[in-house]
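Scroll down for the structure; my scribbles are underneath it.
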Amino acid sequence: MALFLVALLTAIAVVSPTITAHGTGDSNEQYGCSTDCHTVQSNSVITMSASTTTPTPGGTVTVTVSVSGGEASSTPLGVMLLSALSTSGSLPSDAGWTIVSDPTGATAYNYHEIELYTGSVSWTWTLTAPTSEGLYTLYAREIHGNGETYSRNSAGVAFVVGTTGPPGQISLVITSPEADSEVSEAVVVAASMVPSSDILYAILSIDGVQVDNKTEAPFEWTIDTHLYADGVHSINITATNSTGAHGYSEVSVTVNNAGENQRLLEWMWTMAAGTILIIASISSLIVVALLIRKRLMEKEGK
Amino acid sequence: MVSMGGLHALTAELHSGFLTLAFFCIMIVAGAQIIVRLRNRMPSRLVRWAIKVRGYAEITSYVSAIGGVAGLIVSAWSGMYAWPIDKLFDNDLIRNKILLTAYATVLWGGVVFIRTRFGRSLWACPAMATVYVAMTFVAFGMVAIAGCLGSKIFRDESLLEPLYSLVGLNVDKAFQLDINVAAAVALVSSVALIGSLVLARRKNLDTVRFAPETCQKTFKWDEPAIV
Chain A
1 MALFLVALLT AIAVVSPTIT AHGTGDSNEQ YGCSTDCHTV QSNSVITMSA
51 STTTPTPGGT VTVTVSVSGG EASSTPLGVM LLSALSTSGS LPSDAGWTIV
101 SDPTGATAYN YHEIELYTGS VSWTWTLTAP TSEGLYTLYA REIHGNGETY
151 SRNSAGVAFV VGTTGPPGQI SLVITSPEAD SEVSEAVVVA ASMVPSSDIL
201 YAILSIDGVQ VDNKTEAPFE WTIDTHLYAD GVHSINITAT NSTGAHGYSE
251 VSVTVNNAGE NQRLLEWMWT MAAGTILIIA SISSLIVVAL LIRKRLMEKE
301 GK
Chain B
303 MVSMGGLHAL TAELHSGFLT LAFFCIMIVA GAQIIVRLRN RMPSRLVRWA
353 IKVRGYAEIT SYVSAIGGVA GLIVSAWSGM YAWPIDKLFD NDLIRNKILL
403 TAYATVLWGG VVFIRTRFGR SLWACPAMAT VYVAMTFVAF GMVAIAGCLG
453 SKIFRDESLL EPLYSLVGLN VDKAFQLDIN VAAAVALVSS VALIGSLVLA
503 RRKNLDTVRF APETCQKTFK WDEPAIV
């Protein structure tokens, strides 16, 4: 019996289909090369951090991308480091970055992939910053398969190269929600700022109407999207620091609570229909069993 | 003050244990019944062992199935209060777990109903015993998948991952039908349910009582009594 079980489990493991997330192994990949097929939003969590957000021109920066959860257990998963979320010109080198080493430590690609994802990864790229001073952003995107072609982008990390920030200006990036994304239920609006010290206030406005004003970090707000009609809305954040510098960023998102409500309704209908189906099946099977019994007993009686 | 999270964990363990015990006991009784029915072709020691074991396994399966259903209901109830309600319905994986738990509760309720309604004499009627065993199989499979989804939610891994890949089942996506399809399924099922009840009434099947003198004699399967 034990041998049979071992053989069965081995057979299952061997014949399980291998779903390639991207299929190219480690390589240099543009954002656009995965957007035609990896269209389903993964429920994984992808975060990015950097050793510094104010590197000197040509200075070294270490970027760590962490992925946890998602649908890719025991199947391949890949992560690409990008300088833009556009179909071309999205390699870090397109913005002046140079990848010194990727997570393997031996090569310098922007895309790294593993065959067997076990629930969480944390990978590090070492880069040298662009030689031109200015504001830059890096993003990470994870892609995988396992039933659907999933992907998820991280919030961007903003870098100010060469100075501690443009004079008289705060570099501000809305890190959540993603620009042009679809949101429903509760959504977290978050911003990162460079320089991040001595912020006097950060004002969150939606559709031009001030929603809240925060005077200290974290600059995060949880917004109930039910307060807004389904459709496109603009979210903007304005910040001012003690030196009088200002920062501003705006993203557009699409609120779609009707879709979520429809999905919930479908799920409840599925539960009700399934329950009635099971009860009807049990009832019918009992009646069939009793009819068989009755017929056999009548035959026996004759 | 009892923590709902703690109560949910406790009752989850409780119903898993009870229902696994019920499943294995019912399978043991089924195996023992076959051995006893084929007693002329079986070693006498094995037949004696089967006669002895099936009686204890049968009553154990009934008690543990009742305990398991009670545990399932309390576990579902405590689970609703252990986490914020909006978080429960936000995640497709959790929706699937709730769905399968509901189905498993109905199926195990059916198992307990059959045993309560017909008593241990159901084992003397091959058709009813087949329905009973088949239903136990499906109910246990359902509760096993629901349990493995719990493992996937909390530990992001489960024993059934290779099986999901093999059959192409994506448990991260909510199992749901289009409303029109679900309504059609509900309608057809309701008609089948009402039809079966009407048929049972017309054929006087609703008053049937199983007893050794009615089943055992005809089918030559005896009851799994404790001896």
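Protein chains in written order, with the numbering used here: chain A, 1 to 302; chain B, 303 to 529.
Ideal placement from N, C-alpha and C gives every residue a C-beta, glycine not left out.
In chain order, which continuous runs of the beta strand (DSSP E) of length 3 or greater are located wholly inside the region 235-261 of chain A? 246-255
Requested in this report: Could you please tell me which residues of the region 337-351 of chain B, in chain order, have their CB closer than 8 Å to any CB of chain A?
Outcome: Result list empty, no residue passes.
Taking 7 Å as the cut-off, is the beta-carbon of I375 of chain B closer than that to any non-hydrogen atom of the ligand MG? The model on display carries no ligand, and the ligand MG is accordingly not part of it.
Mind checking R141 of chain A: buried by the 16 CB within 10 Å criterion, or exposed? buried
- request: For L116 of chain A, decide whether its Cβ has a neighbour in chain B, counting only Cβ atoms nearer than 8 Å.
  value: no
By the 9 Å beta-carbon criterion, what residues does the region 454-480 of chain B contribute toward chain A? K454, R457, D458, E459, S460, E463, P464, L465, Y466, S467, L468, G470, L471, N472, V473, D474, K475, A476, F477, Q478, L479 and D480
Query raised in the report: How many whole angstroms separate the CB atoms of G307 of chain B and A527 of chain B, which I take to be in contact at a CB cut-off of 8 Å?
Result: G307 of chain B to A527 of chain B, Cβ: 43 Å. No contact.
- Query: Since I278 of chain A and Y405 of chain B are thought to touch, with beta carbons under 8 Å apart, how far apart are those beta carbons, to the nearest angstrom?
  - Reply: 6 Å
### Task
Spell out whether any CB of chain B is found under 8 Å from the CB atom of W125 of chain A.
Judged by the 8 Å Cβ criterion, W125 of chain A is not in contact with chain B.
Check: To the nearest angstrom, how far is it from the Cα of D524 of chain B to the Cα of L395 of chain B?
Finding: 45 Å
Close-in-space but distant-in-sequence residues of the same chain around L348 of chain B (CB under 7 Å, 5 per side omitted) = Only I337 meet the Cβ criterion.
At a Cβ cut of 9 Å, what residues of the region 272-295 of chain A count as close to chain B, listed as they run along the chain? A272, A273, G274, T275, I276, L277, I278, I279, A280, S281, I282, S283, S284, L285, I286, V287, V288, A289, L290, L291, I292, R293 and K294
Exercise. Can you list, in chain order, the residues of its chain whose CB lies under 8 Å from that of S90 of chain A, leaving out five sequence neighbours each side?
Worked result: Q30, Y31, G32, L82, S83 and A84
Using a C-beta to C-beta distance shorter than 7 Å, which residues of chain B count as neighbours of L227 of chain A? Result: empty, since nearest Cβ-Cβ is about 15 Å, beyond 7 Å.
Any chance the region 94-101 of chain A sits against the region 116-127 of chain A, with 3 or more Cβ pairs inside 8 Å?
Taking 8 Å as the limit for Cβ pairs, the verdict is that the region 116-127 of chain A does touch the region 94-101 of chain A.
Q: Please list, in chain order, all residues of the same chain as S196 of chain A whose beta carbon is under 8 Å from its beta carbon, the five residues on each side excluded.
A: A217
Name the one or two DSSP bridge partners that Y111 of chain A has.
A:S27 and A:M80
For A513 of chain B, which residues in the same chain have their Cβ closer than 6 Å to its Cβ, ignoring the five residues on either side in sequence? Sequence-distant Cβ neighbours of A513 of chain B in its own chain, meaning closer than 6 Å and more than five residues away, are S423.
_Between the alpha carbons of A21 of chain A and N28 of chain A, how many angstroms are there, rounded?_
Note that A21 of chain A scores 38 on pLDDT, short of 50, meaning its location in the model is unreliable; the coordinates nonetheless yield the value given after this. So the two alpha carbons sit approximately 15 Å from each other.
- Query: So which residues on chain B does W221 of chain A lean against when the C-beta distance must stay under 8 Å?
  - Reply: What W221 of chain A touches in chain B: nothing, since even the nearest Cβ is about 17 Å away.
Practice prompt. Compare the Cα-Cα distances from T62 of chain A to each of A:S184, A:V188 and A:A129 and report the closest residue.
Written response: A:A129
Separation of C427 of chain B from R293 of chain A, as counted between CA atoms | 7 Å
| field | 8 Å contact criterion, which L461 of chain B and V287 of chain A should meet: CB distance rounded | value | The Cβ separation is near 37 Å, so there is no contact.
So H317 of chain B is in the alpha helix (DSSP H); what residue range does that whole segment cover? M306 to R339
Quiz prompt | Within 8 Å, strictly: CB atoms of V189 of chain A and I235 of chain A | solution = yes
*Going by CA-CA distance only, name the one from B:F456, B:C450 and B:Q478 that's closest to Y466 of chain B.*
Per the Cα distances, B:C450.
Inset, instruction - With a cut-off of 8 Å on the beta carbons, I'd call E113 of chain A and G69 of chain A a contact; round off their distance for me. - result: That pair is no contact at about 18 Å.
Does the region 359-372 of chain B come within contact of the region 311-323 of chain B, defined as at least 3 CB pairs closer than 8 Å? yes
Exercise for the section: Find the nearest neighbour of V161 of chain A within the set A:E133, A:A258 and A:S205, judged by alpha-carbon distance. Expected result: Put simply, of A:E133, A:A258 and A:S205 the residue whose alpha carbon is nearest the alpha carbon of V161 of chain A is A:E133.
How would you call V65 of chain A, buried or exposed, if buried means at least 16 neighbouring beta carbons within 10 angstroms?
buried
Q: For R511 of chain B, decide whether its Cβ has a neighbour in chain A, counting only Cβ atoms nearer than 8 Å.
A: no
- Task: Return the first residue and the last residue of the beta strand (DSSP E) that E220 of chain A is part of.
- Result: E220 to D224 is the span of the beta strand (DSSP E), which, as asked, contains E220 of chain A.
Exercise. I think N257 of chain A touches T222 of chain A, with their Cβ atoms under 8 Å apart; what is that distance to the nearest whole Å?
Worked result: That pair is no contact at about 15 Å.
Contact set between E142 of chain A and chain B, taken where Cβ atoms lie within less than 9 Å: Per Cβ cutoff of 9 Å: no residues; E142 of chain A is ~15 Å from chain B at best.
Next item on the list: Answer with yes or no whether the minimum CB distance from C427 of chain B to chain A is below 8 Å.
Entry: yes
Query - Proximity of S154 of chain A and I143 of chain A at Cβ, strictly below 8 Å - result: no
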